[in-house]
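Residue numbers (the working numbering), protein chains in the order written: chain A, 440 to 696; chain B, 440 to 696.
There are 2 protein chains.
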Amino acid sequence: MDFSLLTMGQYSLVYNVMSLTIAAMFGTFIFVVLAKSQVGDKYKISLVVSSIVVAIAGYHYFRIFQSWESAFTLASGGYKPSGVPFNDAYRYVDWLITVPLLMVELVTVLALTKEKTSSLLTKLTIAAFLMIALGYPGESFHESTMFSNRGLWGTLSTIPFLYIMYILWVELGKALESQPAQVQVLVRNIRLLTIFTWGFYPIAYMAPFFGLSGAEAQVFLQAGYSIADILAKCGYGLMIYAIAREKTEYDKANNLA
Amino acid sequence: MDFSLLTMGQYSLVYNVMSLTIAAMFGTFIFVVLAKSQVGDKYKISLVVSSIVVAIAGYHYFRIFQSWESAFTLASGGYKPSGVPFNDAYRYVDWLITVPLLMVELVTVLALTKEKTSSLLTKLTIAAFLMIALGYPGESFHESTMFSNRGLWGTLSTIPFLYIMYILWVELGKALESQPAQVQVLVRNIRLLTIFTWGFYPIAYMAPFFGLSGAEAQVFLQAGYSIADILAKCGYGLMIYAIAREKTEYDKANNLA
């Protein structure tokens, strides 16, 4: 990604949104760790995984934040690139671990049969890993057309993405039928959050194809990634907690605990 | 190890893999600490040891990462050695503590008789300590032939390694017969993971004998060490957790808790 001179406002916007993200990640971490005692035993492991996701993301945002700081120096009228490259690869390193774990959160909180859990976990985590791993090589190509190396890797990465959507809507949909009504609603919502937030990443990936570049594009992408990550990790984690609570209460009311 | 100019890509690859390792270690730490409540009392100590291993390794990777950063400075077209030596000895300090502890994790999670546990622990931890301690002196010799000081210490270090393999396959093999079937499968898998991941270290140690040197070799070794450490510590710790869970469920089903 090309860096030009950033205005004070542009630099600060990214800086502040990244700091907000760090706070959101660690805030959610504390919530999930402390709220674990409020859910039934069967659902605790899902909250544990949720806490790992936000802790790892918080760590990476700390690094990204530091990289952002060192990539610029104060110049007259704004911030100019310092020559130290801004390390965006942290995002991929983060996703490589956290995106498969988001799938683990969702499957484990449903407390399905051992076979169903194991089958869904295998499919979803491998697909999530492939989706990230296949997107990464394309990031090093800054081509501006769809028919390019960037476009090729992006397309390859879309295959596991579509597979995940299929599993979430079709296979998981079937497994949902055995869940309490309120849980079904919550899982549908978290599924919508997933497709809504994950939708930002391919847009950012394709930004060069739309001719988006320079300072404004960079600010849009960095702020957009941060907000998408807050929703996809903190918001998602809180929804997982809501599902766990709902199931805990259902189990209690029906003597299933 | 000789350092030449690294390309941006080579430098970043090592940098990112090291950062990934820090994230993986601390992620596993959180998991093991929080998931301890999910296993029976007899198995908790094994998870405690597991948490220590990844915490210590995470700390060392933090140091190695900093050392990597300070060993290079940005130059035109890549990164050149800054003159500050890259401190690889952190790895040995780490292994000296963590490798014997990996053996403790495995023996304690099996919850064998007191005598058997004590006998296996003594043999395995002393052998693991010797294996690392004997390898270290050879690291200071950068000789390129097998018949050298490096080769001699490497060979000495191999003796305790082979002894550990003997204990794991023969003595532990006998102890396994009394374990539930599913636990036997899991222990066999963790034993395979051990031999598979530990196998990387002697290869790295012998790299100079194969004429591997320069930037590419260095990148291969650093990335390889990191990935081997993630598998041998995080992957291993998660497999220990799986064994503990399996045994906890078996105990419950058979009223042995």
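C-beta atoms are modelled at their ideal positions from N, C-alpha and C, and glycine is treated no differently.
This one's a predicted model, so the numbers in the text were calculated from it and none came from an experiment.
Please list the residues of the region 521-536 of chain A that have a C-beta atom closer than 9 Å to any C-beta atom in chain B, keeping them in chain order. G522, V523, P524, N526, A528, Y529, Y531, V532, D533, L535, I536
Can you give me the C-alpha to C-alpha distance between L651 (chain A) and Y482 (chain B), rounded to a whole angstrom? In the first sequence, the residue the question calls residue 651 (chain A) occupies position 212. In the second sequence, the residue the question calls residue 482 (chain B) occupies position 43. Going by the C-alpha atoms only, they are around 55 Å apart.
Separation of S557 (chain A) from V416 (chain A), as counted between CA atoms: An answer regarding residue 416 (chain A) cannot be provided, because it is not within the stretch 440 to 696 covered by chain A.
Which of the three DSSP states, helix, strand or coil, is assigned to F586 (chain B)? Position 147 of the second sequence holds residue 586 (chain B). Reduced to three states, the DSSP call for F586 (chain B) is coil.
Within 8 Å of chain B by C-beta, residues of the region 491-505 of chain A in sequence order: I491, A494, I495, Y498, H499, R502
My guess is that V538 (chain A) and I571 (chain A) are in contact by the Cβ rule of under 8 Å, so how many angstroms apart are they, rounded? Position 99 of the first sequence, counted from the first residue, corresponds to residue 538 (chain A). Position 132 of the first sequence, counted from the first residue, corresponds to residue 571 (chain A). Their Cβ separation, rounded to whole angstroms, is 6 Å, which keeps V538 (chain A) and I571 (chain A) in contact under 8 Å.
Integer-rounded CB distance, given that Y664 (chain B) should sit under 8 Å from A643 (chain B): By 1-based counting over the second sequence, the position of residue 643 (chain B) is 204. By 1-based counting over the second sequence, the position of residue 664 (chain B) is 225. A643 (chain B) to Y664 (chain B), Cβ: 6 Å. Contact.
Which of helix, strand or coil DSSP assigns to F580 (chain A): Counting from 1 along the first sequence, the entry for residue 580 (chain A) is found at position 141. Coil, per DSSP.
Give me, in chain order, the residues of the same chain whose beta-carbon lies closer than 8 Å to that of W608 (chain B); leave out the 5 immediate sequence neighbours on both sides. Along the second sequence, read from residue 1 onward, the residue named residue 608 (chain B) stands at position 169. Closer than 8 Å at Cβ, skipping near neighbours: R630.
Applying the 10 Å Cβ sphere with the 16-neighbour rule, what's the burial state of E685 (chain A)? On the first sequence, position 246 is the one that residue 685 (chain A) refers to. Looking at its Cβ environment, which holds 16 or more other Cβ atoms inside 10 Å, E685 (chain A) is buried.
Chain B partners of I469 (chain A), CB-CB under 9 Å? Position 30 of the first sequence, counted from the first residue, corresponds to residue 469 (chain A). What I469 (chain A) touches in chain B: nothing, since even the nearest Cβ is about 12 Å away.
Find the nearest neighbour of I469 (chain A) within the set A:V456, A:I491, A:A662, judged by alpha-carbon distance. For the purposes of this step, residue 469 (chain A) is taken as residue 30 along the first sequence, with counting starting at 1. Here the closest residue by C-alpha is A:I491.
Under the three-state DSSP convention, the category A510 (chain A) falls into: To locate residue 510 (chain A), count along the first sequence from 1; it is residue 71. Of the three classes helix, strand and coil, the one that applies to A510 (chain A) here is coil, per DSSP.
With the cut-off set at 7 Å, would you say G517 (chain A) and L452 (chain A) are in Cβ contact? Locating residue 517 (chain A) in the first sequence gives position 78, counting from the first residue. Locating residue 452 (chain A) in the first sequence gives position 13, counting from the first residue. Against a cut-off of 7 Å, the Cβ pair of L452 (chain A) and G517 (chain A) comes out as no contact.
Strictly under 7 Å for the Cβ-Cβ distance: is L459 (chain B) near chain A by that measure? Counted from its first residue, the second sequence places residue 459 (chain B) at position 20. Yes, contact with chain A.
L445 (chain A) - partner residues in DSSP beta bridges: On the first sequence, position 6 is the one that residue 445 (chain A) refers to. Answer by DSSP bridge pairing, in chain order: A:Y518.
Can you have a look at V622 (chain A) and say buried or exposed, based on whether 16 or more other CB atoms are within 10 angstroms of its CB? Locating residue 622 (chain A) in the first sequence gives position 183, where the first residue counts as 1. With 16 or more Cβ atoms within 10 Å of its Cβ, V622 (chain A) is classed as buried.
Against chain B, does V487 (chain A) count as a neighbour if the rule is that its beta carbon must be under 7 Å from one of theirs? Mapped onto the first sequence, residue 487 (chain A) falls at position 48. So, interface residue.
Closer than 9 Å at the beta carbon, the chain B residues around V548 (chain A): By 1-based counting over the first sequence, the position of residue 548 (chain A) is 109. Those within 9 Å of V548 (chain A) in chain B number zero; the least Cβ separation is about 14 Å.
Work out the CA separation of T460 (chain A) and Y500 (chain A) for me, nearest whole Å. Locating residue 500 (chain A) in the first sequence gives position 61, where the first residue counts as 1. Locating residue 460 (chain A) in the first sequence gives position 21, where the first residue counts as 1. Y500 (chain A) and T460 (chain A): Cα-Cα distance of roughly 7 Å.
Segments assigned alpha helix (DSSP H), at least 4 residues, entirely inside the region 597-685 of chain A: 611-615, 620-637, 639-645, 653-668
Mind reading off the beta-carbon distance from L486 (chain B) to Y689 (chain B)? Whole number of angstroms is fine, and I expect it under 8 Å. On the second sequence, residue 486 (chain B) is found 47 positions in, with the first residue counted as 1. On the second sequence, residue 689 (chain B) is found 250 positions in, with the first residue counted as 1. 17 Å between Cβ atoms; not a contact.
Under the three-state DSSP convention, the category N455 (chain B) falls into: In the second sequence, residue 455 (chain B) corresponds to position 16, counting from 1. DSSP places N455 (chain B) in helix when its eight states are reduced to three.
Can you tell me whether A474 (chain B) sits near the ligand FMN, meaning its C-beta is under 6 Å from at least one heavy atom of the ligand? Among the ligands in the structure shown, none appear at all, so the ligand FMN cannot be discussed.
Chain A beta carbons: is any one of them nearer than 7 Å to that of G466 (chain B)? Here residue 466 (chain B) is taken as the residue at index 27 of the second sequence, counted from 1. Interface residue, yes.
Member of B:V626, B:G574, B:Y529 whose CA lies at the smallest distance from the CA of P641 (chain B): If you number the second sequence from 1, residue 641 (chain B) lands on position 202. Comparing Cα-Cα distances from P641 (chain B) to each of B:V626, B:G574, B:Y529, the minimum goes to B:G574.
Do we get a CB-CB distance below 7 Å when we pair A462 (chain B) with the residues of chain A? Indexing the second sequence from 1 puts residue 462 (chain B) at position 23. Closer than 7 Å to some Cβ of chain A, the Cβ of A462 (chain B) qualifies, so yes.
If the cut is a Cβ gap below 7 Å, which residues of chain B does I484 (chain A) touch? Position 45 of the first sequence, counted from the start, is the residue given in the question as residue 484 (chain A). In chain order: A474, Q477.
Could you compute how far the alpha carbon of P576 (chain A) sits from the alpha carbon of P647 (chain B)? Reading the first sequence from its first residue, position 137 is the one you call residue 576 (chain A). Reading the second sequence from its first residue, position 208 is the one you call residue 647 (chain B). Near 30 Å, if we compare the C-alpha coordinates of P647 (chain B) and P576 (chain A).
Does DSSP put V492 (chain A) in a helix, in a strand, or in coil? On the first sequence, position 53 is the one that residue 492 (chain A) refers to. Correct three-state label for V492 (chain A): helix.
Coarse secondary structure for V432 (chain B), derived from DSSP in three states: The requested residue 432 (chain B) does not occur in the structure, where chain B is confined to residues 440 to 696.
Local conformation of D527 (chain B) per DSSP, three classes: In the second sequence, the residue the question calls residue 527 (chain B) occupies position 88. Reduced to three states, the DSSP call for D527 (chain B) is coil.
According to the Cβ coordinates, are A667 (chain B) and T636 (chain B) closer than 7 Å? By 1-based counting over the second sequence, the position of residue 667 (chain B) is 228. By 1-based counting over the second sequence, the position of residue 636 (chain B) is 197. Yes, they are a contact pair.
In angstroms with no decimal places, state the Cα-to-Cα distance between M440 (chain A) and G653 (chain A). Residue mapping note: residue 440 (chain A) aligns to position 1 of the first sequence, counting from 1. Residue mapping note: residue 653 (chain A) aligns to position 214 of the first sequence, counting from 1. Unreliable placement is indicated for M440 (chain A), whose pLDDT of 46 sits below 50; the coordinate value is still reported in the next sentence. Between M440 (chain A) and G653 (chain A), the C-alpha separation is close to 8 Å.
Distance, Cα to Cα, A671 (chain B) vs W592 (chain A)? Walking along the second sequence from the start, residue 671 (chain B) turns up at place 232. Walking along the first sequence from the start, residue 592 (chain A) turns up at place 153. Computed Cα separation, rounded: 31 Å.
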